[in-house]
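Novice: Same order as they appear, the protein sequences are chains A and B. One point on numbering: in this note's numbering, the residue at position 90 of the first sequence is 90, and numbering is uninterrupted. For any residue, its number in this note's numbering is found by taking its place in the second sequence, counting from 1, and adding 1000.
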Amino acid sequence: GQSLEQPSEVTAVEGAIVQINCTYQTSGFYGLSWYQQHDGGAPTFLSYNALDGLEETGRFSSFLSRSDSYGYLLLQELQMKDSASYFCAVNTNAGKSTFGDGTTLTVKP
Amino acid sequence: DVKVTQSSRYLVKRTGEKVFLECVQDMDHENMFWYRQDPGLGLRLIYFSYDVKMKEKGDIPEGYSVSREKKERFSLILESASTNQTSMYLCASRDRDRAYEQYFGPGTRLTVT
């Protein structure tokens, strides 16, 4: 089966940089996706890595190391509106996605 | 813009009732999913469907069934609701050629009393 680990909570101040890590164990690994979910809202897609390295999308970047079964989401120039839960999700060649339990990010002024 | 809609935002049902949760997407996506989300447990996959009339069990299918008679609609059925099925239910869809990106509906918060 699949398992993912990510920290349950992270706190940072406005303007700072925060990194949310995700380690996974899976068979048939295809790629790692990241989603953001605000309280009471639906998860929305942020970023995806299929190959090793860094993908940058504005203030958000995501990194993957397939050999280490590890990835992270990097959020720069934090804003209050970035307070949300962040989920990593492993995509497999069987077509399924397995989500981590989520990291609650609190941004303080 | 992809839109995924779910039939109810909040639902209260009694133990033993048959419950239907409906999901509709408007982007002609082949793949559709049902998850439940509980505090501290992330999103757990109940069932998914690659295409019309196709269905596959996810990680926690017990107590649930699904129906996909039309491409745009994916229904989740609780044959006999139980209190441990009280949860947030999220539907998602995706294009089969962009398998890494799912679009989620707003969710249905189901309470079984």
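Quick reminder that beta carbons are idealized off the backbone N, C-alpha and C, glycines included.
Please list, in chain order, all residues of the same chain as A:Gln76 whose beta carbon is under 7 Å from its beta carbon, the five residues on each side excluded.
Specialist: Within the same chain, A:Gln76 has close Cβ partners Ile17 and Arg59.
Novice: Which of the three DSSP states is assigned to A:Asn93 in this structure?
Specialist: Coil.
Novice: Taking all protein chains shown into account, do 16 or more other C-beta atoms lie within 10 angstroms of the C-beta of B:Tyr1010, making it buried, or fewer, making it exposed?
Specialist: B:Tyr1010 should be labelled exposed.
Novice: Does the pairing of the stretch 51 to 71 of chain A with the stretch 95 to 104 of chain A give three or more beta-carbon distances under 8 Å?
Specialist: No, the stretch 51 to 71 of chain A does not touch the stretch 95 to 104 of chain A.
Novice: Three or more C-beta pairs closer than 8 Å, one from the stretch 5 to 25 of chain A and one from the stretch 68 to 83 of chain A: is that the case here?
Specialist: As far as the Cβ criterion goes, the stretch 5 to 25 of chain A touches the stretch 68 to 83 of chain A, which means the pair count is three or higher.
Novice: Inspect the beta-carbon positions of A:Gly95 and B:Glu1056 and report whether they are closer than 9 Å.
Specialist: Contact: yes.
Novice: Would you identify the three-state DSSP class for B:Thr1083, choosing helix, strand or coil?
Specialist: B:Thr1083: helix per DSSP, three-state reduction.
Novice: For chain A, check one thing: does any of its Cβ atoms lie closer than 9 Å to the Cβ of B:Pro1106?
Specialist: It does: the Cβ of B:Pro1106 has a partner Cβ on chain A nearer than 9 Å.
Novice: The beta strand (DSSP E) with A:Arg66 in it runs from where to where?
Specialist: Neither: A:Arg66 is in no beta strand (DSSP E) and is coded neither H nor E.
Novice: Are there 16 or more other CB atoms within 10 angstroms of the CB of A:Val90, so buried, or fewer, so exposed?
Specialist: Burial call: buried.
Novice: How many angstroms separate the CA atom of B:Tyr1047 from the CA atom of B:Cys1023?
Specialist: Going from the Cα of B:Tyr1047 to the Cα of B:Cys1023 covers about 13 Å.
Novice: Here's the rule: buried if 16 or more other CB atoms are within 10 angstroms of the residue's CB, otherwise exposed. What is A:Asn49?
Specialist: When all chains shown are included, A:Asn49 counts as buried.
Novice: Any idea if A:His38 is buried or exposed, counting beta-carbon neighbours within 10 angstroms, 16 or more meaning buried?
Specialist: Exposed, because fewer than 16 other Cβ atoms sit within 10 Å of the Cβ of A:His38.
Novice: For B:Val1012, which residues from the same chain have a beta carbon less than 7 Å from its beta carbon, with the 5 sequence-adjacent residues on both sides left out?
Specialist: Excluding sequence neighbours, B:Val1012 sits near Thr1111 and Thr1113.
Novice: Per DSSP, what are the beta-bridge partners of A:Gly31 in this structure?
Specialist: DSSP lists A:Asn91 as partners of A:Gly31.
Novice: Once you ignore the five residues that flank B:Thr1086 on each side, which residues in its own chain have a CB closer than 8 Å to its CB?
Specialist: Once the five neighbours on either side are set aside, the close Cβ partners of B:Thr1086 are Leu1110, Thr1111 and Val1112.
Novice: To the nearest angstrom, how far is it from the Cα of B:Val1019 to the Cα of B:Gly1107?
Specialist: Going from the Cα of B:Val1019 to the Cα of B:Gly1107 covers about 15 Å.
Novice: By Cβ distance, which residues of its chain are closer than 8 Å to A:Pro7, with the 5 residues on each side in sequence left out?
Specialist: These residues qualify, in order along the chain: Ile20, Asn21 and Thr103.
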